[in-house]
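Going by my numbering, the first residue of the sequence shown is number 567, and it counts up by one from there.
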Amino acid sequence: MEKGLKQIEFKVPKNYLEQKLKKLDKHRYRTKHEKEVLIHDESDDPFVYLDILTQLPKELYPKSEVECLVYLMYLRAISVSDYLDIMHKCESCGTLNEIQIDLFQLIKTDLKVDNKYNYDFSNFPIGVFKNIDEILDEKISDELPILVFNYIEQIIDENNLKIINLIHEYNCRKCKKQNMIYINPMKILSRVELTGLYKEIFSLTYFTNNSITEIEELYPFERNIYLNLTDESIKSGNINPVKLMS
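Right under this line is the structure:
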């Protein structure tokens, strides 16, 4: 690197985040991760989502706060369901509205963004990097002044903010007034509360030959499928829980 210059140049590929999200398809979280999140959530742990993200390989780990939110939204969609069901009270008339939100519609991966940035600073060599992953490589990051590193993270966040929408708007079914719902990715990682999850795990261990450990290895969407199948079997009289337990 040539010394004495006052500018560093780096590039963020236009499809940078889209490429990373596609790789997340192989890293859905399981029921055991969902349970740990709910346990920490009840204790108001601010790092509740880390149980989901720490399972990711190092090269996929999010590099900024907003990227964490994008990841969580995407992982929730592919691990639990791409639809989020919410009961929301109208702010104008108080009517309860049953809302279904398509999470993939909140993530716009085809958005075009600027991808070349410059940062001016003194007494630091110039560097031209192929992409954001290269400049955030551990060795390079250790050499960068903290202000430069913070600027790079800000650039990532600004790009990511353009491709995630955390506000869902709808019109009340009664008064027709517009309402807005804020979607917090950290609070939608499960479709049930902790007690409900324990009940589902118990139900599946009771009505099947699987252990708790085996149930917890299921993806949340798989668990829901098996719950529905078990429910249908019970209603049709095809399952006798007493015989299964004997």
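Glycine included, each C-beta is placed from N, C-alpha and C at the ideal position.
- Counting along the chain, ILE652 sits inside the beta strand (DSSP E) bounded by residues 649 to 655.
- Fewer than three Cβ pairs drawn from the region 615 to 629 and the region 646 to 654 lie within less than 8 Å of each other, which leaves the two stretches out of contact.
- Under the DSSP assignment, ASN737 falls in the beta strand (DSSP E) whose first and last residues are 733 to 737.
- Rounded to the nearest angstrom, the gap between the Cα atoms of SER777 and GLN744 is 47 Å.
- Per DSSP, MET639 is one residue of the alpha helix (DSSP H) stretching across 631 to 645.
- Around GLU657, the same chain offers LYS743, ASN745 as residues with beta carbons nearer than 8 Å, after the five sequence neighbours per side are excluded.
- Proximity to TYR595 across ASP607, MET639, HIS734 peaks at MET639, based on C-alpha coordinates.
- Excluding five sequence positions before and after ASP617, the CB atoms of its chain that fall closer than 7 Å to its own CB belong to HIS599, GLU602, VAL603, HIS606, given in chain order.
- Taking all protein chains in view, the Cβ of THR597 is crowded by 16 or more other Cβ atoms within 10 Å, so the residue is classified as buried.
- In this structure ARG789 touches GLU766 by the C-beta definition: roughly 6 Å separates them, less than 8 Å.
- For LEU672, the closest of LEU732, ARG642, PRO628 by C-alpha to C-alpha distance is LEU732.
- Between LEU763 and THR796, the C-beta gap is not smaller than 8 Å, which leaves the two residues out of contact.
- Out of GLY660, ARG642, HIS734, SER799, the CA that lies nearest to the CA of VAL758 is found in ARG642.
- Around the beta carbon of GLU633, a 10 Å sphere encloses 16 or more other beta carbons of the protein chains shown; the residue is thus reported as buried.
- Note that the C-beta distance between TYR637 and LEU590 is below 8 Å.
- Around the beta carbon of ILE781, 16 or more other beta carbons sit within 10 angstroms, so the residue counts as buried.
- In the structure shown, the three-state DSSP call for ILE665 is strand.
- Under the 10 Å beta carbon count, LYS586 is surrounded by 16 or more other beta carbons and is classified as buried.
- When the five nearest sequence neighbours on each side are left out, the beta carbons in the same chain lying within less than 6 Å of the beta carbon of LEU784 are those of THR597, in order along the chain.
- Taking C-beta atoms as the reference points, ASN663 and TYR748 fail to come closer than 8 Å.
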